[in-house]
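Right, one structure below, let's go through it.
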Amino acid sequence: MDNAPDGLAEVTVTGFKAAALDESAVNANIVAGGVTVTSRIPGDVNDDGEVDIFDCVRLKKYLAGFNVTINASNADVNGDGEVDIFDCVRLKKYLAGMSVELK
399 MDNAPDGLAE VTVTGFKAAA LDESAVNANI VAGGVTVTSR IPGDVNDDGE VDIFDCVRLK
459 KYLAGFNVTI NASNADVNGD GEVDIFDCVR LKKYLAGMSV ELK
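Following this note's numbering, the numbering of the sequence shown begins with 399 at its first residue and continues without gaps.
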């Protein structure tokens, strides 16, 4: 779905095969639904299209009360609905190469 606009996108599945890791067949069902397309990049606090040290610096400034703008949705990297020190710690761990997920 490259270049799809943000929002709900209709997807049609015309057929599929399901297999386990050992390549044995598994039962699966097709159900009605949709795909929500979003251009959100978790961790891209400064909205430059990349997750890097500049995002960490911007988030630290924001949390310290400096008058800086952030993308709050991208800054909430732990997915708890708040932008706080826990997001900063998670972003630092991610940038350090630790095995953490940005949500």
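Each residue gets a CB set at the ideal place from its N, CA and C atoms; glycine is no exception.
DSSP state of residue i mapped onto helix, strand, coil
i, result
"A462", "coil"
"L489", "helix"
"V455", "helix"
"A407", "strand"
Euclidean distance between Cα positions of residue i and residue j
i, j, result
"L500", "N444", "15 Å"
"R392", "V466", "For the chain, the structure presents residues 399 to 501; residue 392 sits outside this window and is missing."
"V411", "G405", "19 Å"
"V481", "S422", "44 Å"
"I451", "V487", "13 Å"
"F464", "G477", "23 Å"
"N425", "F484", "40 Å"
"A407", "N427", "20 Å"
"G447", "G431", "29 Å"
Whether residue i touches residue j by CB criterion (9 Å)
i, j, result
"V435", "P403", "yes"
"L493", "V449", "yes"
Expected contact under 8 Å - CB spacing of residue i and residue j to nearest Å
i, j, result
"V475", "L489", "5 Å"
Decide if the stretch 425-443 is in contact with the stretch 464-472; the criterion is three or more beta carbon pairs, one per stretch, under 8 Å apart.
-> yes
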